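Engineer: Residue numbers (full-length UniProt numbering): 1 to 297.
Here you go, one structure.
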């Protein structure tokens with residue numbers, strides 16, 4: 001949506017964050033006057049991630065104790081401002097959910113509407129995504145739905161985490177519910193230029209390297225809010241993985257075909273989880289390459 005607003009001339013990707021959110025990004029060396037909107041979308045801002053502050057106890061007991069706690073966007077950003085930046089703006093790459101919280105706040109500052117309202121108006125309704133919802137702080141899923149299970153301790157029991165963890169599930173960095181079909185429809189439309197003008201689509205596809213130690217498949221690059229990953233059969237695909245307690249989703253489109261892989265359990269061991277994610281990446285690669293071989297969309 002930030003790219004759509006740029007295409008409408010309502011903002012520039014080179015605007016400093018402080019232009020739209022004066023005095024919000026400040027403290028511990030963080031400075032919204034030196035960070036651009038482009039750097040928020042591309043995760044080159046250096047801003048710390050607020051997530052560690054809202055997950056004080058990564059355990060079954062901690063999940064159950066804290067899952068109902070809600071925070072405003074301003075509170076989430078304030079959590080992040082307690083920590084120094086990871087690097088100078090533009091000097092590196094590191095994924096930070098704080099960037100997307102700020103993007104949501106900028107959208108409201110520019111349009112006068114919440115990011116959720118703008119998603120409904122600009123994306124959900126035009127694409128007729130009938131099974132896509134923005135629940136906000138509503139923790140319960142509409143039926144029917146899958147169930148999620150998280151193993152918090154390696155070798156421990158699987159905990160039902162179907163109820164959203166509201167400390168990080170209610171804002172612009174991931175508060176959406178959808179189906180694989182709707183997700184495929186969205187990524188197909190995005191790749192086909194149905195949502196962005198050519199100039200903004202080109203901006204979205206301007207990428208930077210993702211460091212090898214960040215867990216992404218080799219050769220992954222990051223555009224404006226979207227990843228590009230090479231395919232074993234040549235070329236690559238656009239997509240964006242996402243996860244929370246008990247689930248992982250990986251939608252992707254190579255411009256011709258789209259695939260969404262959704263998992264509903266996560267292991268507590270980091271090495272096992274890393275293998276799980278590699279298997280998902282391999283599955284996406286096989287699905288998109290096979291569709292080329294078979295000539296099917």
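From the three backbone atoms N, C-alpha and C, an ideal C-beta is built for every residue, glycine too.
As the structure is a prediction and not an experimental result, all values here were calculated from the model.
Counting only the same chain and skipping the five closest in sequence on each side, list residues whose C-beta sits under 8 Å from that of residue 58.
Structural biologist: Mapped onto the chain shown, residue 58 falls at position 58. Cβ within range, chain order: 152.
Engineer: Any contact of the segment 66–79 with the segment 226–241, i.e. 3+ C-beta pairs under 8 Å?
Structural biologist: No, the segment 66–79 is not in contact with the segment 226–241.
Engineer: Below 7 Å CB to CB, which residues in the same chain sit around residue 10 once its five sequence neighbours on both sides are set aside?
Structural biologist: Mapped onto the chain shown, residue 10 falls at position 10. Contacts found: 110.
Engineer: Looking only at DSSP bridge pairs, what is residue 266 linked to?
Structural biologist: The residue given as residue 266 occupies position 266 in the chain shown. Partner(s): 150.
Engineer: Can you name the start and end residues of the alpha helix (DSSP H) that residue 160 belongs to?
Structural biologist: Walking along the chain shown from the start, residue 160 turns up at place 160. Counting along the chain, residue 160 falls outside any alpha helix (DSSP H), though it belongs to the beta strand (DSSP E) covering 158–160.
Engineer: Is it buried or exposed for residue 271, if we count other Cβ within 10 angstroms and need 16 for buried?
Structural biologist: In the chain shown, residue 271 corresponds to position 271, counting from 1. Under this definition residue 271 is an exposed residue.
Engineer: Judging by CA-CA distance, which residue of 106, 247, 137, 279 is the nearest neighbour of residue 15?
Structural biologist: Against the chain shown, residue 15 aligns to sequence position 15. Considering only alpha carbons, the answer is 106.
Engineer: Name, in chain order, the residues that DSSP records as bridge partners for residue 229.
Structural biologist: As a working mapping, residue 229 is identified with position 229 in the chain shown. Per DSSP, 237.
Engineer: Measuring CB atoms only, is the segment 141–158 touching the segment 116–126, in the sense that at least three cross pairs come out at less than 8 Å?
Structural biologist: They do not touch, by the three-pair rule.
Engineer: Helix, strand or coil for residue 284 per DSSP?
Structural biologist: As a first step, residue 284 is located in the chain shown; it is residue number 284 there, counting from the start. Residue 284 falls in the helix class under three-state DSSP.
Engineer: Is DSSP giving residue 197 helix, strand or coil here?
Structural biologist: For the purposes of this step, residue 197 is taken as the residue at position 197 of the chain shown. Coil.
Engineer: Which term fits residue 28, buried or exposed, when burial requires 16 or more other beta carbons within 10 angstroms of its beta carbon?
Structural biologist: Working through the chain shown from its first residue, we reach residue 28 at position 28. Looking at its Cβ environment, which holds fewer than 16 other Cβ atoms inside 10 Å, residue 28 is exposed.
Engineer: Based on Cα-Cα distance, which residue from 269, 67, 230 lies nearest to residue 254?
Structural biologist: Residue 254 sits at position 254 when you count from the first residue of the chain shown. Comparing Cα positions, the closest option is 230.
Engineer: Report the three-state DSSP secondary structure of residue 6 (helix, strand or coil).
Structural biologist: Here residue 6 refers to the residue found at position 6 of the chain shown. Looking at residue 6 - three-state DSSP - the assignment turns out to be helix.
Engineer: Here's the rule: buried if 16 or more other CB atoms are within 10 angstroms of the residue's CB, otherwise exposed. What is residue 126?
Structural biologist: In the chain shown, residue 126 corresponds to position 126, counting from 1. Exposed.
Engineer: List the residues that DSSP assigns as beta-bridge partners of residue 31.
Structural biologist: Mapped onto the chain shown, residue 31 falls at position 31. DSSP output for residue 31 lists 26 as bridge partner(s).
Engineer: Do three or more CB pairs link the segment 40–49 to the segment 90–103 at distances below 8 Å?
Structural biologist: Verdict: yes, contact present.
Engineer: Return no unless some Cβ of chain C is closer than 8 Å to the Cβ of residue 248.
Structural biologist: In the displayed structure, chain C is absent; only one protein chain is listed.
Engineer: Per DSSP, residue 93 forms a beta bridge with which residues?
Structural biologist: Here residue 93 corresponds to residue number 93 of the chain shown, with the count starting at 1. Answer is none; residue 93 lacks a bridge partner.
Engineer: For residue 47 and residue 80, what's the separation of their Cα atoms in angstroms?
Structural biologist: As a position in the chain shown, residue 47 is number 47, starting the count at 1. As a position in the chain shown, residue 80 is number 80, starting the count at 1. So the alpha carbons of these two residues sit roughly 8 Å apart.
Engineer: With H, G and I counted as helix, E and B as strand and the rest as coil, what does DSSP make of residue 100?
Structural biologist: Position 100 of the chain shown, counted from the start, is the residue given in the question as residue 100. In the structure shown, residue 100 sits in a helix (DSSP, three-state: H, G or I).
Engineer: Quick one: measure Cβ to Cβ for residue 203 and residue 13, integer angstroms, because I've assumed they're closer than 8 Å.
Structural biologist: Indexing the chain shown from 1 puts residue 203 at position 203. Indexing the chain shown from 1 puts residue 13 at position 13. Between residue 13 and residue 203 the Cβ distance is about 7 Å, and since that is below 8 Å, they are a contact.
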